[in-house]
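2 protein chains.
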Amino acid sequence: MDDRKLLASIRTLIGEAETADDCSMFDLGDGKILVASTDMLHETTDFPKGMTEFEMGWMSVAVTLSDIASTGAAPSQVLVAVGLDSPERFYPFMEGAVSCAETFGAKVAGGDIDSHKELTAVTTAFGIVDKSVYCRRSGALAGDFVCVTGIPGRAQAALDGHDEFRQFLLTPNPQVFEGQKIAQAGASSMMDVSDGVVISLYDIADASSVGIILDGTSFPLFEESGYAKTCFLYGGGDFGLLFTASGDVLSRLDIDYSVIGRVVEGDSVILDGKILPRKGYAHVWGDA
Amino acid sequence: MDDRKLLASIRTLIGEAETADDCSMFDLGDGKILVASTDMLHETTDFPKGMTEFEMGWMSVAVTLSDIASTGAAPSQVLVAVGLDSPERFYPFMEGAVSCAETFGAKVAGGDIDSHKELTAVTTAFGIVDKSVYCRRSGALAGDFVCVTGIPGRAQAALDGHDEFRQFLLTPNPQVFEGQKIAQAGASSMMDVSDGVVISLYDIADASSVGIILDGTSFPLFEESGYAKTCFLYGGGDFGLLFTASGDVLSRLDIDYSVIGRVVEGDSVILDGKILPRKGYAHVWGDA
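Okay, here's the thing in structure tokens:
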């Protein structure tokens, strides 16, 4: 059992639309959408060994701002709930949390403090976006270009011991400003790649009822190697944004990004003529 | 060290106003305030032994809706992040969460699923309230009446083994509809009593720079006894709302409540001529 299957099990309880995106949405009624996202991280599973409390606080906020970014919203406020095994860890953790929030234009506006056997953090962020540009996983159209920001794979490489990439793993930068520009330009779908590029492409493909054909010669890699390509496709922990857009939209977009494929009719993610496995980061209990 | 002291330690980081209430606030700019609150609960500390997963899910949402209620807001959406030791617990937990949310007019709109050694839940809720009636802990004025809804103390009594009150402990009803009526009538301050009546009165007194004199003959008790009075004053886990209001406001208020005292100039909570200890529920690490 993994978390994607578990989520599917409650579709009947909370609804199909409510489980389809990383952010919830609430129509504020004046052409604005309120988006919100929440993420749980805890020490043994989510924080690489040797991480400082500042870095844990930064990462906890960054993962949630990345979800907000993928809708095109400007993040407004962040709430931070922390379960602490020892109280001394709180201040440096919150320094990291506040620093990340402020770097990306948000404010830590509240939270909760609990005692816990293991340092556990849940950050919730919300932001506001114009309904006319609000992005979701659904909306990709056959013919659109498939694009990604940044160089996915470096966080995985850092996990594998490539210390030169540790900053991408430990104090990742959510693509908050890029997300707003992508949405304003008119992208047809968007999500972040934090669970891995391929599995995220499947999420877009599923939500949009399309297929995707990747062009392996155009991947932004941290080095020219099969290893870097594997990290790009299946590594987790990076904070790039995947999005789909027409050529017309791309001509209006003034950020750095790479075109890595095209949206097609179908239901698979294909590279070099082969259907890629639906594989990426997942929380697993027992046998998946 | 307890969580109130720990919270005070980060006032310089996130600001005085941001640590002063159970809810954060965000001005939506059209006479509306968005309020949000987040709460962490986990099995060993927060869920009484023998609780079902349904009850855990219900309680997790109820604590957060109670914070929203204390502002006078109508809760809109709830996000639920769950750390699970075993995946089978998820569905009944979410049934409880969804059931509580829907009972009080909110919708579970998203969340996060994680694996964890101990069942850990963080619920975040937001709601919208007219700026003109939005309630906080601050605002109580000398001369106001001090009021409470419900019969605080029953949750504590249930914890002590009074099984006839277990429903108040395990599936508490946040006073969501009462909170909206209290705010609309024009209460000067409000908060919930979930950490205990006396410590919550101190929170109102501190935030409002006032004192409070209680009338021990008017407490709504579950039985006439010193034990019930102690549960009323210091027990945690109940979901009544404390509020302060002028007689004029009370004359407009058509809900059940008890007047338990008056706001005065000063800085203490006083009963029978004695200053009450600042005592209630707190998370504690080591020596408090």
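For the protein sequence lines, the chains are P and U, in the order given.
Residue numbering for the first sequence follows the working numbering, beginning at -12 and increasing consecutively.
Residue numbering for the second sequence follows the working numbering, beginning at -12 and increasing consecutively.
Positions of the beta carbon are idealized from the N, C-alpha and C atoms, including for glycine.
Burial state of ASP117 of chain U is exposed, judged by a 10 Å Cβ sphere holding fewer than 16 other Cβ atoms. Within chain U, the residues whose beta carbon sits less than 8 Å from that of PHE77 of chain P are LEU(-7), SER(-4) and ILE(-3), listed in sequence order.
When DSSP states are grouped into helix, strand and coil, ALA112 of chain U belongs to the strand group. Per DSSP, the continuous alpha helix (DSSP H) segment holding LEU(-6) of chain P begins and ends at -10 to -4. Every unbroken stretch of the alpha helix (DSSP H) spanning 4 or more residues and falling wholly within the stretch 229 to 269 of chain P is given here in chain order: 234 to 238.
Between the stretch -10 to 7 of chain U and the stretch 219 to 229 of chain P, the count of Cβ pairs shorter than 8 Å is below three; the stretches do not touch.
Contact of CYS122 of chain U with chain P is not assigned, every C-beta pair being separated by 8 Å or more. Within the same chain, Cβ atoms closer than 7 Å to the Cβ of ALA93 of chain U are found at LEU52, PRO62, SER63, GLN64, VAL65 and ALA112, the five residues on either side in sequence being excluded.
Annotated as distal: ALA144 of chain P and LEU240 of chain P, with beta-carbon spacing of 8 Å or more. CA-to-CA, the gap between THR25 of chain U and SER187 of chain U works out to about 18 Å.
For CYS87 of chain U, the nearest beta carbon of chain P is not closer than 8 Å to its own beta carbon.
In this structure, ARG123 of chain U lies near SER176 of chain U, with their beta-carbon atoms less than 8 Å apart. Taking a Cβ-Cβ threshold of 7 Å, none of the residues of chain U is close to MET178 of chain P; the smallest such distance is about 14 Å. Rounded to the nearest angstrom, the gap between the Cα atoms of THR158 of chain U and LEU128 of chain P is 47 Å.
Chain-ordered listing is empty here: chain P has no CB closer than 8 Å to the CB of GLY59 of chain U, the nearest sitting near 17 Å.
Remark: C-beta atoms of ALA170 of chain P and GLY59 of chain P approach each other more closely than 8 Å.
Taking a Cβ-Cβ cut-off of 9 Å, GLU151 of chain U has no neighbours in chain P, whose nearest Cβ is about 29 Å from it. Residue contact with chain P for THR32 of chain U: present (Cβ-Cβ distance below 8 Å to some residue of chain P). The beta carbon of SER205 of chain U lies closer than 7 Å to those of SER245, VAL246 and ILE247 in the same chain, with the five residues before and after it left out.
When the Cα atoms are used, CYS218 of chain U and VAL185 of chain U turn out to be separated by approximately 11 Å. Residue state for MET38 of chain P is assigned as coil, using DSSP reduced to three classes. Within its own chain, the residues whose Cβ lies closer than 8 Å to the Cβ of HIS103 of chain U, once the five positions on either side in sequence are excluded, are GLY70, LEU71 and ASP72, listed in chain order.
Here THR217 of chain U carries a helix assignment [DSSP, helix/strand/coil].
For SER24 of chain U, DSSP records a beta bridge to U:ALA112.
Secondary structure at SER86 of chain U: helix, using DSSP grouped into helix, strand and coil. Neighbours of GLU82 of chain P across chain U, judged by C-beta separation under 8 Å: LEU0. Against GLY70 of chain P, the close residues of chain U are MET27, HIS29 and THR107, in the order they occur along the chain (beta-carbon pairs closer than 8 Å). Residue pairing by DSSP places GLN64 of chain P opposite P:LYS94 and P:PHE113 in a beta bridge. If you keep only unbroken beta strand (DSSP E) runs of at least 3 residues inside the stretch 159 to 205 of chain U, you get 176 to 179 and 198 to 201.
Neighbours of GLY98 of chain U in chain P, taken as residues at a C-beta separation under 8 Å, are given in chain order as THR25. For PHE226 of chain P, the secondary structure class from DSSP, reduced to helix, strand or coil, is coil. Secondary structure note for PHE152 of chain U: it is in no beta strand (DSSP E), with a DSSP letter that is neither H nor E. Closest in C-alpha terms to ILE200 of chain P, from the list P:LEU258, P:THR90 and P:ARG153, comes P:LEU258. Against ASP182 of chain P, chain U offers no close residue; the least beta-carbon distance is about 12 Å (beta-carbon pairs closer than 7 Å).
Contact check for ALA68 of chain P and ASP99 of chain P: beta-carbon distance about 4 Å, within the 8 Å limit, so the pair qualifies. The three-state secondary structure of PHE13 of chain P, taken from DSSP, is strand.
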